[in-house]
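Everything below concerns the one structure shown next.
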Amino acid sequence: MVKIAPSILSADFSQLKEQVKTVEEAGADWIHFDVMDGHFVPQITFGPIVARGVRKITKRFLDAHLMVHTPDRFLEEFQKAGINQLTVHVEAALHLWQTLQRIHELGLKAGVTMNPATPVDWIHNVLHKVDNVLVMTVEPGYGGQTFLPEMLKKVEALRELKIKYGYTYEIEVDGGIDTQTAPLVTRAGATVLVSGSSIFNAKDVSAALKDIKKAALNGLNQKV
Ligand code: DX5
Ligand code: ZN
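For the sequence shown, position 58 matches number 60 in my numbering, and the numbering has no gaps at all.
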């Protein structure tokens, strides 16, 4: 089973409701919510207020990627807004163990993510605690960047650790995912694929999502 999580960062915000409905009907499993604070990453995007609006228009799993410094400041607000999962950057959470604990106390799924230059070793001690590990396959901060193939070995390493220790986390990949790169990441062990510009910048958003899902499933059949 491979899940597709369209990132609304690349959606047309003048018609966000229609865009979310379109990807929902096309088979989106999660809606990926790129929160940026203009501090941890250069851009500012959106927060709990927009999350509340999106919650009203879809029943899908809302997967928030917090590219913010000290994410602890926002956990309750996102929980109240109806987000289902909060994934935080290991580079931005000074007390990561406690932050993940707090996310679970709020009844949400907890995820951890790392920038391209950050090794998987940095999160080894929390892998038993998380529901999701997000492998950034671009430098966080912008949609539409080129996929970094060097990140495939992180996906493979996380799959090995799951097999070796029986961990249950999803392996989510994020950045530059299209019909070419989708099979590469599922073959390496990814279970959730985030895609923004390849879906929302396409002439036919629905067809674009379906093509990526098809390509991702093809990769599963060619697993290494
Ligand atoms: C980048 C975000 C990604 C991005 C993916 O900082 O975390 O989710 O929106 O967008 P594409 O698919 O356009 O690379
Ligand atoms: Zn993201």
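For each residue, glycine too, the CB sits at the ideal point set by N, CA and C.
None of the values given here were measured: they were computed from a predicted structure.
Sequence-distant Cβ neighbours of aspartate 39 in its own chain, meaning closer than 8 Å and more than five residues away, are Ile46, Met69, Val70 and His71. Put simply, of Lys111, Phe202, Leu163 and Thr181 the residue whose alpha carbon is nearest the alpha carbon of glycine 145 is Phe202. Distance from the CA atom of lysine 216 to the CA atom of isoleucine 59, rounded to whole angstroms, is 26 Å.
Contact check between the region 88–99 and the region 50–59: fewer than three CB pairs, one atom from each, fall below 8 Å, which does not count as touching.
The Cβ neighbour count for lysine 61, taken over all protein chains shown within 10 Å, is under 16; the residue is labelled exposed. DSSP, reduced to helix, strand and coil, places glutamate 172 within a strand of the structure shown. Here the alpha carbon of serine 16 sits roughly 12 Å from the alpha carbon of valine 22.
Look at leucine 211: its beta carbon is at least 7 Å from all of the heavy atoms in the ligand DX5. Rounded to whole angstroms, the gap between the alpha carbons of lysine 164 and aspartate 14 is 37 Å.
A distance below 8 Å separates the beta carbons of threonine 139 and valine 175.
Relative to the non-hydrogen atoms of the ligand DX5, the Cβ of valine 70 never comes closer than 7 Å to any of them. In the DSSP assignment, valine 194 is bridged to Lys5 and Glu174. For phenylalanine 202, no beta strand (DSSP E) run applies; the uninterrupted alpha helix (DSSP H) run containing it begins and ends at 199–202, by DSSP.
In this structure, DSSP gives alanine 13 a state outside helix and strand, which the three-state scheme calls coil.
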